Amino acid sequence: MRILVLGAGGTGGYFGGRLTQAGADVTFLVRPTRAARLREHGLEIRSPLGDVRFPIQVITAGEAAAWGHADLVLLSCKAYDLDDAIAAIRPVVGARTAVLPVLNGLSHLDRLDAAFGAARVLGGLCHISAASAPDGAVLHLNPLHSITFGERDPAAPRERTQAIRDRFATARFDSVLADNVLQDMWEKFVFITSLASMTCLMRASVGEIVATDEGRALNEAMYAMCEAVSTAAGYPVRPQAHTRGLEFLTKAGSPMTASMLRDLEGGGRVEADHIVGDMLRRGRAAGVDVWLLRVAFAHLQAYQQRLGRPKAS
Numbered sequence: 003m004r005i006l007v008l009g010a011g012g013t014g015g016y017f018g019g020r021l022t023q024a025g026a027d028v029t030f031l032v033r034p035t036r037a038a039r040l041r042e043h044g045l046e047i048r049s050p051l052g053d054v055r056f057p058i059q060v061i062t063a064g065e066a067a068a069w070g071h072a073d074l075v076l077l078s079c080k081a082y083d084l085d086d087a088i089a090a091i092r093p094v095v096g097a098r099t100a101v102l103p104v105l106n107g108l109s110h111l112d113r114l115d116a117a118f119g120a121a122r123v124l125g126g127l128c129h130i131s132a133a134s135a136p137d138g139a140v141l142h143l144n145p146l147h148s149i150t151f152g153e154r155d156p157a158a159p160r161e162r163t164q165a166i167r168d169r170f171a172t173a174r175f176d177s178v179l180a181d182n183v184l185q186d187m188w189e190k191f192v193f194i195t196s197l198a199s200m201t202c203l204m205r206a207s208v209g210e211i212v213a214t215d216e217g218r219a220l221n222e223a224m225y226a227m228c229e230a231v232s233t234a235a236g237y238p239v240r241p242q243a244h245t246r247g248l249e250f251l252t253k254a255g256s257p258m259t260a261s262m263l264r265d266l267e268g269g270g271r272v273e274a275d276h277i278v279g280d281m282l283r284r285g286r287a288a289g290v291d292v293w294l295l296r297v298a299f300a301h302l303q304a305y306q307q308r309l310g311r312p313k314a315s
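With the sequence shown counted from 1, adding 2 to any position gets you this note's numbering.
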């Protein structure tokens with residue numbers, strides 16, 4: 003199985019690196035400067051599970067067409083980079099290629115379907131806290147490292163996803179071949195939207211929010227609102243996922259924040275439209291009262307307006 007991983011940053015670098023360690027045929031598609039560094043120094047992963055450095059195969063966009071078609075493309079970019087990502091992987095996507103996106107949210111599926119056809123695009127999500135260090139190393143920040151994936155059409159043949167499952171099973175991360183991957187994606191979408199909306203709106207951790215007079219009730223209201231949107235879409239959050247999500251969002255003293263807040267506090271771009279905006283639009287279309295999502299999205303849009311404004315000299 004030929005695997006193409008777009009980028010060698012936190013998420014892609016980690017999962018692609020672990021597959022490489024397991025002997026998989028993995029190639030990373032990266033920018034020329036990154037390619038030169040990786041060819042010289044290899045890929046380094048710093049992890050609570052142990053630090054490693056090893057050589058990897060890399061190509062640049064100019065070499066992609068000659069490289070040929072992949073059996074599997076692993077896509078883990080930020081949503082605001084998706085158009086560039088689609089253009090970058092287009093030369094390696096053939097008739098038998100499976101594209102596995104592990105982005106947060108759902109709206110990327112429509113864009114990938116339009117680019118490559120729905121039959122090629124799997125459903126997927128990951129649970130990992132990873133980032134790129136200034137020196138290019140992959141930082142794995144806690145022991146969590148899993149990918150859940152599957153055919154979006156439950157009636158579709160499972161031969162290719164079973165082959166992917168078997169390949170992933172050899173690597174040093176957790177993987178699940180889901181029977182109903184869209185259910186899993188919706189449940190993560192509900193949680194991540196609630197967490198991002200509230201921690202960004204309040205500029206605070208879960209513990210700091212719930213320590214206020216109204217914080218716990220507002221977190222619960224946001225979660226219920228997002229769950230109502232999911233239910234209206236035909237994917238009611240299952241009891242176990244509901245309980246787990248609510249516990250995370252209301253835990254006293256919790257330092258948990260969304261990665262979106264960390265991006266915002268660092269003055270970077272945020273996936274506001276892809277996560278919060280998309281949930282808001284889906285809720286409105288379904289007739290769900292999404293007043294708190296409106297406030298959260300307006301807050302993020304105001305931040306984006308300031309981010310795009312020329313700085314005073």
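A virtual CB, placed ideally from N, CA and C, is assigned to each residue, including glycine.
Small disclaimer: the values here were computed from a predicted structure and weren't measured.
Would you give the residue range spanned by the beta strand (DSSP E) that Ile166 belongs to?
To locate residue 166, count along the sequence shown from 1; it is residue 164. Per DSSP, Ile166 belongs to no beta strand (DSSP E); it is in the alpha helix (DSSP H), 161-170.
Taking the Cβ atom as the reference point for each residue, do Leu327 and Val183 lie within a distance shorter than 9 Å?
Because the chain in this structure spans residues 3 to 315, residue 327 falls outside the shown range and cannot be described.
Whole angstroms are fine: how far does the CA of Ala300 sit from the CA of Ala287?
One-based indexing of the sequence shown puts residue 287 at position 285. One-based indexing of the sequence shown puts residue 300 at position 298. If I take the Cα positions, the gap works out to 18 Å.
Local conformation of Glu216 per DSSP, three classes:
Within the sequence shown, residue 216 is the residue found at index 214, counting from 1. Coil at Glu216, not helix or strand.
Quick one: what's got a C-beta closer than 6 Å to Gly11's C-beta in the same chain, skipping five residues either side?
Position 9 of the sequence shown, counted from the first residue, corresponds to residue 11. So the qualifying residues of the chain are Ser134.
Pull up the distance between the alpha-carbon of Arg33 and that of Ala72, whole angstroms please.
Locating residue 33 in the sequence shown gives position 31, counting from the first residue. Locating residue 72 in the sequence shown gives position 70, counting from the first residue. In a straight line, the C-alpha of Arg33 is about 18 Å away from that of Ala72.
Out of curiosity, what's the CA-to-CA distance linking Leu102 and Ala157?
Numbered from 1 along the sequence shown, position 100 holds the residue referred to as residue 102. Numbered from 1 along the sequence shown, position 155 holds the residue referred to as residue 157. Approximately 18 Å between the Cα atoms of the pair.
Verify whether the separation of the beta carbon atoms of Ala81 and His110 is less than 9 Å.
By one-based count along the sequence shown, residue 81 stands at place 79. By one-based count along the sequence shown, residue 110 stands at place 108. Yes, the Cβ-Cβ distance between Ala81 and His110 is below 9 Å.
Using the rule of at least 16 other Cβ atoms within 10 Å of the residue's Cβ for burial, across every protein chain shown, is Gln242 buried or exposed?
Numbered from 1 along the sequence shown, position 240 holds the residue referred to as residue 242. That one is exposed.
Span separating the alpha-carbon of His276 from that of Arg174:
Position 274 of the sequence shown, counting from 1, holds the residue named residue 276. Position 172 of the sequence shown, counting from 1, holds the residue named residue 174. Roughly 30 Å separates the two Cα atoms.
Three-way DSSP call (helix, strand, coil) for Ile58 in this model
Counting from 1 along the sequence shown, the entry for residue 58 is found at position 56. Of the three classes helix, strand and coil, the one that applies to Ile58 here is coil, per DSSP.
Quick one: Cα of Leu45 to Cα of Val292, how far?
If you number the sequence shown from 1, residue 45 lands on position 43. If you number the sequence shown from 1, residue 292 lands on position 290. Taking the straight line joining both Cα atoms gives about 44 Å.
Distance, Cα to Cα, Leu74 vs Gln303?
Translated into the one-based positions of the sequence shown, residue 74 becomes position 72. Translated into the one-based positions of the sequence shown, residue 303 becomes position 301. Rounded to whole angstroms, Leu74 to Gln303 spans 35 Å at the Cα level.
Below 8 Å, is the gap between the Cβ of Leu76 and the nearest heavy atom of the ligand SAM?
Of the ligands one can find in the structure shown there are none, so the ligand SAM has no counterpart to examine.
Quick check on the DSSP output: what are the complete beta strand (DSSP E) runs of length 3 or more inside the segment 62-108, in order along the chain?
74-77, 100-103
Using a Cβ-Cβ cutoff of less than 8 Å, which residues in the same chain neighbour Glu189 once the five nearest sequence positions on both sides are dropped?
Indexing the sequence shown from 1 puts residue 189 at position 187. Excluding positions up to five away in sequence, the list reads Ser232, Tyr237, Val239, Arg240, Ala243, Gly247.
I need the boundaries of the alpha helix (DSSP H) containing His301, first residue and last residue.
The residue you call residue 301 lines up with position 299 of the sequence shown. Here the alpha helix (DSSP H) through His301 covers 293-310.
In whole angstroms, give me the CA-to-CA distance for Val290 and Ala230.
Within the sequence shown, the letter at position 288 stands for residue 290. Within the sequence shown, the letter at position 228 stands for residue 230. Each residue's alpha carbon lies about 7 Å from the other.
Who are the near neighbours of Ala234 in its chain, counting only those whose CB is closer than 7 Å to its CB and skipping five residues on each side?
Taking the sequence shown and counting its residues from 1, the one referred to as residue 234 is at position 232. If we look at Ala234 and ignore the five residues flanking it on each side, its Cβ neighbours are Ala288, Val290.
Would you give the residue range spanned by the beta strand (DSSP E) that Leu124 belongs to?
Within the sequence shown, the letter at position 122 stands for residue 124. That residue, Leu124, is in no beta strand (DSSP E); it is neither H nor E in DSSP.
Please classify Gly19 as buried or exposed, where buried requires at least 16 other C-beta atoms within 10 Å of its C-beta.
One-based indexing of the sequence shown puts residue 19 at position 17. Answer is buried; the Cβ neighbour count reaches 16.
Unbroken alpha helix (DSSP H) runs of length 4 or more, entirely within the segment 12-60: which are they?
12-23, 34-43
Would you check if the distance between the CB atom of Ser199 and the CB atom of Ser256 is smaller than 9 Å?
By 1-based counting over the sequence shown, the position of residue 199 is 197. By 1-based counting over the sequence shown, the position of residue 256 is 254. Not a contact, by the Cβ cut-off of 9 Å.
Candidates Asp53, Thr150, Ala226, Leu309: which alpha carbon is nearest Asn144's?
Here residue 144 corresponds to residue number 142 of the sequence shown, with the count starting at 1. Taking only the C-alpha atoms, the option nearest Asn144 is Asp53.
Residues of its chain near Ser177, where Cβ-Cβ distance is below 6 Å and the 5 sequence neighbours each way are ignored:
What you label residue 177 is simply residue 175 of the sequence shown in a count that begins at 1. Closer than 6 Å at the Cβ level, and outside the excluded window around Ser177, lie Ile149, Phe170.
Other residues of its chain near Ser315: CB distance less than 7 Å, five sequence neighbours each side excluded:
Locating residue 315 in the sequence shown gives position 313, counting from the first residue. Confidence at Ser315 is low in this model, with a pLDDT of 40, below 50, so the placement of that residue should be treated as unreliable; the coordinate-derived value is given next. Taken in chain order, the list of residues that qualify is empty.
DSSP bridge partner residues for Asp176 (one or two, in chain order):
Stepping through the sequence shown from its first residue, residue 176 is reached at position 174. In DSSP, Asp176 forms a bridge with Ser148.
Take Leu295 and list the residues in its own chain whose beta-carbon comes closer than 7 Å to its own, dropping the five residues that flank it on each side.
The residue you call residue 295 lines up with position 293 of the sequence shown. The answer, listed in chain order, is Ser199, Met227, Val278, Met281, Leu282, Gly285.
Identify, in the order they occur along the chain, each residue of the same chain with its Cβ nearer than 6 Å to the Cβ of Val95, setting aside the five sequence neighbours on each side.
As a position in the sequence shown, residue 95 is number 93, starting the count at 1. The answer, listed in chain order, is Phe118.
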